[in-house]
Amino acid sequence: MVKETLLKELIRYVLPKEIVENFELMDLQEIEGTLHLYLEETSVSPEEYRDKTLFSNGFYEDSMIKDFPLRDKKVVLHVRRRRWIDESGKSYSRRWELVAEGTRYSKEFAYFLKEAFGYLPDTSPIS
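At position 102 of the sequence shown the residue is numbered 148 (my numbering), and the sequence of numbers has no breaks.
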């Protein structure tokens, strides 16, 4: 139990706050020097639809987000948003703003790159 608590605490320092609070780390893989983290939205009903009775109905296809490198490895977050339905079958989901507008970079990483390079490079060693 202590190891699990430590791992969760470490993740709080590594991943963006919005991801930590609303997604669970399901898997990680290193593929050709890139660390791939697979995350799924938790099964907590969306607060904005609290007046409706919603049921989890699987996930949307994952979105890939480039984030800060770790130990000289590029990092790609594979984020799966949850799909919800009500009694009538109408579909609902949360609207997340995890990436910087017009990019596939996490907001924090895009801000860093813009400050460091003055623009958002696609081919730098860290992106």
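Backbone N, C-alpha and C define an ideal beta-carbon position, used for all residues, glycine too.
At which residues does the alpha helix (DSSP H) containing residue i begin and terminate?
{"i": "GLU161", "result": "153–163"}
{"i": "ARG58", "result": "48–60"}
{"i": "GLU76", "result": "No alpha helix (DSSP H) holds GLU76; the beta strand (DSSP E) holding it covers 69–77."}
Thinking residue i and residue j are a contact (beta carbons under 8 Å), I'd like their distance in whole angstroms, please.
{"i": "LEU100", "j": "TRP130", "result": "4 Å"}
Whose C-alpha, out of the options, is nearest the C-alpha of residue i?
{"i": "LYS120", "options": "PHE69, PHE155, TYR59", "result": "PHE155"}
{"i": "ARG150", "options": "SER109, ARG117, LEU52", "result": "SER109"}
{"i": "ILE57", "options": "LYS112, TYR95, LEU116", "result": "LEU116"}
Using the C-alpha atoms, what's the distance from residue j back to residue i?
{"i": "ASP118", "j": "GLY104", "result": "34 Å"}
{"i": "LYS160", "j": "VAL60", "result": "20 Å"}
{"i": "GLU55", "j": "TYR138", "result": "31 Å"}
{"i": "ARG140", "j": "SER91", "result": "9 Å"}
How is the beta strand (DSSP E) around residue i delimited, first residue to last?
{"i": "LEU87", "result": "Looking at the sequence provided, one finds Glu at residue 87 rather than Leu. GLU87 -> beta strand (DSSP E) spans 80–87."}
Q.
Under 8 Å, with one C-beta from each stretch per pair, do the segment 61–81 and the segment 122–141 reach the 3-pair mark?
A. yes
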